[in-house]
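Asks: Positions -8 to 163 (our numbering) are the ones given, in order, by the sequence shown.
Here a beta-carbon is modelled for each residue, glycine too, at the ideal position from N, C-alpha and C.
Please read all numbers here as calculations on a predicted model, not as lab measurements.
This is the structure, below, for whatever I ask next.
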Amino acid sequence: MIRAQVLPTPTGPLALLSHEDVVVAAGFTADPHEMFVRLSPRLQEEGLTRVDDLGRAARAVRDYLDGDLTALDSVELEQPGTPKRRRLLRALREVPPGVTIGYAELAERAGLPRTAARAAGSACAQNLIAPFVPCHRILPSTGGLGGYYYGTPVKRWLLTHEKTHSPAGGTR
């Protein structure tokens, strides 16, 4: 069974979905079903139920919101994808809080040629586990915030929150 909890955040509700204590989806929505339908058919076969407390994952979110920006890093995640996409998502998770990089640099950090920036953008767009896999830390080389699945106000809030609580201070 996929277990779901919705947590309040300053930027809106965050739905967390877990399978066997591994986070399989998270997104800024009040409706966990919006995340559930993005899961693989294998996981959807498990069904969805709402719970009051997902334990460690929920605590990590609360700690992150309280200013412990590394709290999300210790939560176990599972996300589907090709080997290239998994490399990009791993590299994305290693971008420190308070730091932003471009898509080409993300590709480079994943051991892919800088020309793989488009693949990096695609991996961010298909990311099922925000903010645990922090695609909000990737900015376009042309400037500005770029897009974000949950809207630029959410992306802006996450970046400001991290800049406020990070010794890195939002360097790029």
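First and last residue of the beta strand (DSSP E) that includes Gly142?
Replies: It is not in any beta strand (DSSP E) - Gly142 carries neither H nor E in the DSSP assignment.
Asks: In this structure, how does DSSP classify Ala121 when only helix, strand and coil are distinguished?
Replies: Coil at Ala121, not helix or strand.
Asks: Given a cut-off of 8 Å, decide if Val42 and Arg(-6) are closer than it, judged by their beta-carbon atoms.
Replies: Cβ distance < 8 Å, so Arg(-6) and Val42 count as in contact.
Asks: Is DSSP giving Ala17 helix, strand or coil here?
Replies: If DSSP states are grouped into helix, strand and coil, Ala17 belongs with the strands.
Asks: Could you spell out where the alpha helix (DSSP H) holding Ala98 opens and where it closes?
Replies: Note, Ala98: alpha helix (DSSP H), Tyr94 to Arg100.
Asks: In this structure, how does DSSP classify Ser65 when only helix, strand and coil are distinguished?
Replies: Helix.
Asks: Can you tell me whether Met26 is buried or exposed, with buried defined as 16 or more other CB within 10 angstroms of its CB?
Replies: When all chains shown are included, Met26 counts as buried.
Asks: If I follow the unbroken alpha helix (DSSP H) through His10, where does it start and stop?
Replies: Segment Leu5 to His10 is the beta strand (DSSP E) holding His10; no alpha helix (DSSP H) there.
Asks: Mapping the DSSP letters down to three states, classify Val(-3) as helix, strand or coil.
Replies: Three-state DSSP puts Val(-3) in a strand.
Asks: Just mark Thr106 as buried or exposed, buried being the case when its beta carbon has 16 or more other beta carbons within 10 Å.
Replies: Flag for Thr106 reads exposed.
Asks: Can the beta-carbon of Ala108 be found closer than 8 Å to that of Ala101?
Replies: Cβ atoms of Ala108 and Ala101: not closer than 8 Å.
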